[in-house]
Each structure stands twice: as C-alpha cells, then as structure tokens.
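Q: Below are the structure tokens for one structure; questions will follow.
Numbering (the working numbering), first residue to last: -1 to 577.
So, in structure tokens, the structure goes:
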C-alpha cells in the first residue's frame, strides 16, 4: 500500500502515513484517486472523460469525448508524480515538494501545447486547445489509435531494413517541418513515435521542444533519454541545432534495426564501444550502417548538418564514412552530390504543407464566438431566482431559530407555561396544528421529539434524541441535507453552503442533475443552467479563440511561404536536372 499524497510505501495495516501524516486507510484511498473518474466533465461540460490511456512521470492521458464537436479526443492532464496529489477532482502540489517548481512545470506543459499548436502536419500530433481547471492544465489532442515503435519492435523483433528506413524517413520529414519553424524536438526515441492504424507515422511528446538559433551556444534544460541523447544535451550550455535531433533519429533507426538502444553518449565518451548494427544483426547494408554511425557522432559538427542531408545519405550519398576502430568519421564534404540533392529536393517538395480542411476549427471558432457573446450579454438574476426553474422560490436556509414546527412545517411552536404542571415526559413545547410535542433544553440549544401527530413515519428515528435547534430549523425548511444553504420550494433544488460557494446536493430533474456534488457560485449555477461557461473559464475560452484565429492565420502565412519555397525548389530542381 502507498500513501496517495506522498506515494511512500506503507505497511498493509497502516492508517496514517509515516512520512506526511496523511490518512492511508481504505476509505481515504477511495476518496483520493490519482486519476479522474470516467464521466468527469471538463471545460463547462465540453469534454467528458471516458478512460485512462496511459500515465507517465509528468502527466496522465485520457480518452475523452468532445461534446461540442461529437468526436473522440485524447486529453493530457498535467500531473507530475510525487509533486502533487488529487483530492476529488482538484490537483494540489504536495506541501514541501515545491509549489513554485510545480507552477513552473505547469507553464512548461502549456508551452508544449503552444508548440504543437503551431503545426498542422500529418506527422505531428495535432493539439486542439489547452486550458486550466481544478488546479491542473489540460491539453486536448487528436486521439491517435495505434502503437509506439518501441511496442512494435517488442512485438515483432528487429524490423526489416526497408521498414526501418521508411519509419526513419517519415520521422525525418516531420522533423524537417519542426526545424523549418525554428524548433527542436530534443527527445526523438521509439517511445515518442506512434504508427497509427490508418498508416500515419506521428511524432508526439514535445515537452522538451525548444526554439534554437543556428550556430549559437544556448542555455537549455538538461532533459534527455540516455542512448538517444547526444553529448550537447548533457550540458545546459551547448550548440543546439538540427544535428541534435539527427542524433536521436539515428539512434531510433539503430534500435529499429537491432532491438537495442545505442550505448549512451557519456559511456561512449569513456571509450565504451558502440557495436556496429551488423554485429548485432547481420545483413544490414553498409550504406545504412555507415549513415547511422555518421548520425551518432559524439561531436555535433561531425554529424549531418540537417535532417535532409541525413535522409539523403540513407538513400545513397556517394561519399560515405569508412570503418574505424571506435568512431567512424564523416565525409570530408557534407554537401550532397547533385543526385542526392535532387532526391532531397523531391522529398522536401513532397512534404511541403498542403491546404488542410479547417471546417472543424471554424465550427469550433463559431461556437466559441457565440458562447462568449452570450456570456458577455448574461446578466445575473436576483439571488432568490432558482437557476433551474427560474422562479423566485430559492430561499437561503441558515438554521437560525424560528418558531415553525419542523414536523408539519406550517404550525407554530408554543411554550407550555410552567404553571401548567405538566411532567417533562409531556414536553414543554407543542405545535398548535399537528400536536407534536418537544422537550427543549434549558439553554434552548437542543430539542427532543416526544410525540408526533398523524405524520409519524419519517420522524421515528428522531424520537427521543436531543437534536440541535439548528438541525430542527433546517428540517423545518424542508431541506433534506440538513446543512445550511439554499432550497427551491418549487422544484426542490438544494445547495449546501461551502465557504463562499454553493455545492449542489439535490436536483430531481433538469440540466443541473449531472453536476450534483460540484461547487460554484450561485451566479455560475445560473450560467451552467443556461449552457454558458463559468466565469473562471471565460478567459481560457477567449484564449482558445485567439489561438484558433492565430493558427488559421499562421496556416495561411505558412501556405504562402510554402508556395514561394516550392517555386524556388522547383527552379533549383530544374537547374540540377539540366546540368
């Protein structure tokens, strides 16, 4: 058994965590879960959680339903293990684990979403939106049905050379789009590539992606995967550029062909040899093997200068590296031959962005505009107006003392004079209408039900028990939860007072039934009943709208730039073919 808060291991019979003092018994575990329950709604009901797809060190990925566009999506929740805990649906940093680090990591999570939102390439996972809720951030992405390349190799073993090179080419073409946008992925590995059921090869997990300035030394966070990370990633200061991702791509191809990850760069620096792929699996062509070793050079300036050059080398760069005892050396000239350049240009032309169907995006934009327009025009109704039935029948129940009979809820409680000489068994307070009798304590803090009139069944368990006057007064109002709050006398809607919010505890019908147990302001309950976003969500919805509008504008600019690039490449291609 583990503590749900600090995740430390506990004895099987423990009731309290030995580390943080949190309850760890079964009841507490049931109330505290590390994942959202199926059916949980997010973003004012726009998304509904269906099931958990996976859970890693920094987040949980769910399959969910996009209610607005009626489609299946994947939602990645920011949930760094060991740094936060979940109470209900809320995510909270663990005290002492560093709240500032938690918030900084959440900003990085949102940056990942912004990075991905820049791309509309089929080889890069598409991000629809990102928003904050329940103390966490949520990234809504396309749902990729398929499996990672590492799962494919684990299932099939080393892949045939043609299949492995085809995968590397698809990954490389997606990386060219990333690099042309001035970004690096920095975590290319088989785990981060998904082969979908419809045949796409998609690059995912851009959590470590960063912008780069060509040829300049930069400071970047040292986030890496041993075996797939080059030497420059082991330092926060280094020359980062396309050769950084070339190393990860070459390492991934090495794994696809051998089912083994390359020796980590730090170990190779200590002269631990990197086995040739052909020594692990015969019948790998010399050209492919030498190109892989070129991409795995420890020094960035000895690797191919770009993904294009690396892919051209895979398909037949004439000048290749010679075998060396430990580390092969690249060609003296990294510029490809005309035939290789022709192949690289043809690959670039094939991968230039094409117009995409933006119908779904425009539908979502229109929906957001209408929703925000309705939200701006919304005027909060009077406090006594019920959010569900819209009648002025919502009353606040405070538990303050009145003289109304809690049994019949219409008669008045009168005090029997002491001169009446009645015994305590007969009670000292009685109802003028239903003849219920109570014994009130001397300090008037409790009352005991002694006798009821005709309506007896619901009150059997109350008889003979001293109960606080506050509870009797709430019962007299007809509120079933017996907590201070609000009750509609028309439709029976009930809220409990929860700090400054109102927690919905009873709804017999209507649009609010699915929100029982959730807390919000009365103003927000009116918004929910009308299908409007909560006040705290309005900012995120406006940000989503701005992101969508900016994305469409960027797509238009990208297509315009692609047309110019296509013209230049076709002109160069024509010159090379003539010459």
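Note that CB positions come from ideal geometry on N, CA and C, so glycine has one too.
On a predicted model such as this, the values are computed, not experimentally measured, just so you know.
1. DSSP three-state call for residue 124: helix, strand or coil?
2. Have a look at 230, 443, 402, 441 and flag the residue whose alpha-carbon is nearest the alpha-carbon of residue 430.
3. Would you mind giving the Cβ-Cβ distance between residue 92 and residue 136, rounded to the nearest angstrom? I have them listed as a contact below 8 Å.
4. Go through the region 334 to 409 residue by residue and report every complete run of the beta strand (DSSP E) that reaches 3 residues or more, in order.
5. Opposite residue 486 in the DSSP bridges: which residues?
6. Enumerate in chain order the residues of its own chain whose CB-to-CB distance from residue 538 is below 7 Å, with the five nearest sequence positions on each side excluded.
7. Just reading off the beta strand (DSSP E) that residue 76 is part of, what are its end residues?
8. Check whether the Cβ of residue 277 lies closer than 8 Å to any Cβ atom in chain D.
9. Rounding to the nearest angstrom, what Cα-Cα distance links residue 435 and residue 408 in this structure?
10. Which residue wins for smallest C-alpha separation from residue 82, given the options 63, 58, 68, 64?
11. Rounded to whole angstroms, what's the CA-CA distance from residue 207 to residue 551? Just pull it up for me.
12. Determine the extent of the beta strand (DSSP E) in which residue 441 is found, giving its start and end residues.
13. Buried or exposed, going by whether 16 or more other CB atoms sit within 10 Å of the CB of residue 283?
14. Quick check: the Cα distance between residue 43 and residue 64, rounded to an integer number of angstroms?
15. Measuring straight from C-alpha to C-alpha, what distance separates residue 309 and residue 120?
16. Measure the beta-carbon distance from residue 524 to residue 390 and round it to whole angstroms, keeping in mind my assumption that it falls under 8 Å.
17. State whether the region 254 to 269 contacts the region 189 to 197, with contact taken as three or more CB pairs (one from each stretch) at a distance under 8 Å.
18. Going by DSSP, what residues sit across from residue 145 in a beta bridge?
19. To the nearest angstrom, how far is the alpha carbon of residue 233 from that of residue 181?
20. To which residues of the same chain is residue 66 closer than 8 Å at the C-beta, ignoring the five residues directly before and after it?
21. Given a cut-off of 8 Å, decide if residue 87 and residue 51 are closer than it, judged by their beta-carbon atoms.
22. Exposed or buried, what is residue 398 when buried is set at 16 or more other beta-carbons lying within 10 Å of its beta-carbon?
23. Report the residue from 442, 476, 249 whose alpha carbon sits nearest the alpha carbon of residue 487.
24. Can you give the Cα-Cα distance for residue 122 and residue 499, rounded to whole angstroms?
25. Report the rounded CA-to-CA distance for residue 116 versus residue 544, giving the unit in angstroms.
26. Verify the contact flag: residue 340, CB atom, against every heavy atom of the ligand HEM, threshold strictly below 7 Å.
27. Roughly how many angstroms lie between the CA atoms of residue 577 and residue 340, to the nearest whole one?
28. Could you check what DSSP says for residue 56 in three-state terms: helix, strand or coil?
29. Looking only at C-alpha atoms, which of 464, 307, 444, 254 sits nearest to residue 241?
30. Measure from the alpha carbon of residue 480 to the alpha carbon of each residue in 447, 395, 533, 61, then state which is nearest.
31. Of all the options 566, 184, 533, which has the alpha carbon lying nearest to the alpha carbon of residue 343?
32. Are the beta-carbon atoms belonging to residue 247 and residue 147 less than 8 Å from one another?
33. May I have the straight-line CA-CA distance separating residue 460 from residue 478, to the nearest angstrom?
34. Could you check where the alpha helix (DSSP H) with residue 542 kicks off and where it finishes?
35. Going by alpha carbons, who is nearest to residue 160 out of 517, 53, 254, 376?
36. For residue 100, which of helix, strand or coil comes out of DSSP?
A: In short, the structure shows the following:
1. coil
2. Of the listed residues, the one whose Cα sits closest to residue 430 is 402.
3. Rounded, the Cβ-Cβ distance is 20 Å, inconsistent with contact.
4. 392 to 395
5. 392
6. 129, 130
7. Boundaries of the beta strand (DSSP E) harbouring residue 76: 69 to 76, taken from the DSSP string.
8. Of the protein chains in this structure there is only one, and it is not chain D.
9. 15 Å
10. 58
11. A caution first: residue 207 carries a pLDDT of 45, below 50, which makes its placement in the model unreliable, though a value can still be read off. Their backbone Cα atoms lie some 22 Å apart in a straight line.
12. Note, residue 441: premise wrong, no beta strand (DSSP E); not H, not E.
13. exposed
14. 9 Å
15. 19 Å
16. Not confirmed; about 13 Å, so no contact.
17. Counting Cβ pairs under 8 Å, fewer than three are found: no touch.
18. 193
19. Roughly 18 Å separates the two Cα atoms.
20. Excluding the 5 residues flanking it on each side, residue 66 has same chain C-beta neighbours closer than 8 Å at 44, 362, 365, in chain order.
21. no
22. Residue 398 should be labelled exposed.
23. 476
24. 42 Å
25. 13 Å
26. Absent from the structure shown: the ligand HEM. Ligands present: none.
27. Taken atom to atom, the span from the alpha-carbon of residue 577 to that of residue 340 is near 12 Å.
28. coil
29. 307
30. 395
31. 566
32. Contact: no.
33. 14 Å
34. 533 to 576
35. 254
36. helix
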